[in-house]
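**Student:**
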Amino acid sequence: MNRMMVIGTGSALPARVLSNEDLEKMVDTSDEWITTRTGIKNRRIARLGEETSMLAASAARNALAMARLSATDLDMIIVGTITSDMGMPSCACLVQKELGATNAFAFDINAACSGFVYSLDLADKYVKADPGLKILVIGAETLSTRTKWDDRNTCVLFGDGAGACIVTGAAGNQGLLASKLFSDGSLYKLLYMDSAPSMNKELFRTENDGSYIKMAGKDVFKYAVRCMEGAVMTVLEREQVSIQDIALVIPHQANIRILKSLAERLGVADEKIYINLHKYGNTSAASIPIALDEANREGRINPGDFILLCAFGGGFTWGAVLFRW
Ligand code: ACO
52 MNRMMVIGTG
62 SALPARVLSN
72 EDLEKMVDTS
82 DEWITTRTGI
92 KNRRIARLGE
102 ETSMLAASAA
112 RNALAMARLS
122 ATDLDMIIVG
132 TITSDMGMPS
142 CACLVQKELG
152 ATNAFAFDIN
162 AACSGFVYSL
172 DLADKYVKAD
182 PGLKILVIGA
192 ETLSTRTKWD
202 DRNTCVLFGD
212 GAGACIVTGA
222 AGNQGLLASK
232 LFSDGSLYKL
242 LYMDSAPSMN
252 KELFRTENDG
262 SYIKMAGKDV
272 FKYAVRCMEG
282 AVMTVLEREQ
292 VSIQDIALVI
302 PHQANIRILK
312 SLAERLGVAD
322 EKIYINLHKY
332 GNTSAASIPI
342 ALDEANREGR
352 INPGDFILLC
362 AFGGGFTWGA
372 VLFRW
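Going by this note's numbering, the sequence shown opens with residue 52, and the numbers climb by one from there.
What follows is the structure, given as structure tokens:
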């Protein structure tokens with residue numbers, strides 16, 4: 052059977068670093084509070100004019116180089132993002148232009164922090180239908196543009212960045228084994244960003260105070276842990292793979308306490324959970340592909356390894372993907 056396998060990974064982060072000490076000068080917070088509650092030390096912040104599509108294209112170039120492909124080899128580009136440069140066109144079309152990927156069609160997926168996992172699942176369906184396709188899958192965000200910088204409840208959490216991978220069909224037993232996605236729109240008010248100008252604003256009059264991320268932190272925490280655990284167990288059961296056989300879990304990098312709770316509930320040793328959120332904060336759809344690229348380049352992923360990705364985000368959306376690398 053033809054499976055979808057990853058043949059190249061890449062990532063790109065803005066050069067500018069915003070530390071917890073920098074935030075202490077901006078809002079009433081402390082390095083100690085941020086570190087113990089979130090695990091975050093630094094985050095990267097895009098400079099003015101450094102758009103999501105530019106970070107996405109840089110990550111894509113690194114992934115193309117690893118895959119030894121050129122942009123014109125690509126058939127399709129999917130970008131998971133909630134911070135596209137513009138409402139129209141899609142971020143993916145801007146990436147296509149930037150790369151000169153003239154043979155690819157391109158579109159975005161809006162699934163918040165689950166955007167990369169959703170995009171991978173979709174790419175898998177295309178590859179199953181046409182194994183020769185070469186697809187660029189990206190998660191990219193500039194959440195700093197949608198952060199209320201005087202709200203200490205949220206401004207300490209987020210960062211900017213992009214990660215990418217190139218996927219195609221492969222014979223044999225390697226590749227994506229199982230994926231499962233979920234959504235629950237009835238809970239959207241626990242985590243949302245009001246930025247849809249065509250919405251009937253009358254409905255939201257009292258709470259419409261700008262296009263910033265709004266969040267009920269404690270509720271998000273609770274759902275994130277439970278939902279990711281459920282998604283992971285679903286794909287493992289489907290493939291009859293034990294959690295003990297997993298070489299590395301690469302979860303959405305939201306918060307260290309969410310990741311530790313998840314590890315505990317799954318019964319996974321801490322060292323099997325990949326963590327880089329101390330460096331970059333929560334980069335939404337970009338967090339998994341950035342972590343995947345770092346783990347790949349650090350030699351943490353080897354051929355034949357079972358690798359699990361899991362995500363949770365606004366919508367709510369969540370899901371998990373199981374690979375044999
Ligand atoms: N610095 C100092 N104090 C703060 C800060 C801050 N940055 N932020 C909040 N506080 C204060 C609050 O005002 C509150 O003070 P009060 O008791 O006087 O009212 C106190 O700290 C405790 O606030 P809580 O909200 O109870 O803090 P909690 O322990 O729940 O931690 C946090 C907050 C980190 C947001 C937590 O709820 C969490 O991790 N939630 C998960 C949300 C998340 O990760 N969201 C990311 C987006 S969603 C996703 O990616 C899955």
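Note that beta-carbon positions come from the ideal geometry of N, C-alpha and C, so glycine has one too.
Just list the beta strand (DSSP E) runs in the region 326-372, keeping only unbroken ones of 3 residues or longer that don't cross its boundaries, in chain order.
**Tutor:** Whole beta strand (DSSP E) segments, 3+ residues: 357-364.
**Student:** Is it true that the region 197-209 meets the region 137-148, where meeting means three or more beta-carbon pairs spaced less than 8 Å apart?
**Tutor:** Here the region 197-209 does not lie against the region 137-148, with fewer than 3 beta-carbon pairs under 8 Å apart.
**Student:** Counting pairs of Cβ atoms below 8 Å between the region 349-364 and the region 162-176, do you hit three or more?
**Tutor:** yes
**Student:** Leaving out five residues before and five after Val271 in sequence, what residues of the same chain have Cβ atoms less than 7 Å from its Cβ?
**Tutor:** The residue you call residue 271 lines up with position 220 of the sequence shown. If we look at Val271 and ignore the five residues flanking it on each side, its Cβ neighbours are Leu241 and Leu242.
**Student:** Measuring CB atoms only, is the region 149-157 touching the region 85-97, in the sense that at least three cross pairs come out at less than 8 Å?
**Tutor:** no
**Student:** My assumption, with CB atoms under 8 Å, is that Leu115 sits in contact with Ile217. Please give the rounded CB distance.
**Tutor:** Numbered from its first residue, the sequence shown carries residue 115 at position 64. Numbered from its first residue, the sequence shown carries residue 217 at position 166. Contact between Leu115 and Ile217 holds, since their C-beta atoms are separated by about 6 Å, short of 8 Å.
**Student:** For the candidate residues Gln291, Val188 and Arg277, whose alpha-carbon lies nearest to that of Thr368?
**Tutor:** One-based indexing of the sequence shown puts residue 368 at position 317. Of the candidates Gln291, Val188 and Arg277, the one whose C-alpha sits nearest the C-alpha of Thr368 is Arg277.
**Student:** Decide if Asp211 is buried, meaning its Cβ has at least 16 other Cβ atoms within 10 Å, or exposed.
**Tutor:** Within the sequence shown, the letter at position 160 stands for residue 211. The C-beta of Asp211 has 16 or more other C-beta atoms within 10 Å across all chains shown, which makes the residue buried.
**Student:** Looking at Ile85 and the ligand ACO, is the gap between the Cβ and the nearest heavy atom below 7 Å?
**Tutor:** Residue numbering aside, residue 85 sits at position 34 when the sequence shown is read from its first letter. At least one heavy atom of the ligand ACO is nearer than 7 Å to the Cβ of Ile85, so yes.
**Student:** Quick check: is any heavy atom of the ligand ACO less than 7 Å from the C-beta of His329?
**Tutor:** Translated into positions along the sequence shown, residue 329 becomes position 278. Flag unset: Cβ of His329 not near the ligand ACO.
**Student:** According to the Cβ coordinates, are Leu373 and Val319 closer than 8 Å?
**Tutor:** On the sequence shown, position 322 is the one that residue 373 refers to. On the sequence shown, position 268 is the one that residue 319 refers to. Contact flag unset, no.
**Student:** Per DSSP, which residues does Phe156 bridge with? Please list them.
**Tutor:** Counted from its first residue, the sequence shown places residue 156 at position 105. Its beta-bridge partners are Met127.
**Student:** What does the shell around the ligand ACO hold, if a residue joins when its beta-carbon is under 7 Å from any heavy atom?
**Tutor:** Val78, Asp79, Thr80, Ser81, Trp84, Ile85, Arg88, Thr89, Cys164, Arg203, Asn204, Val207, Leu208, Leu242, Met266, Gly268, Lys269, Val271, Phe272, Ala275, His303, Ala305, Asn306, Arg308, Ile309, Asn333, Ser335, Phe363, Gly364 and Gly365
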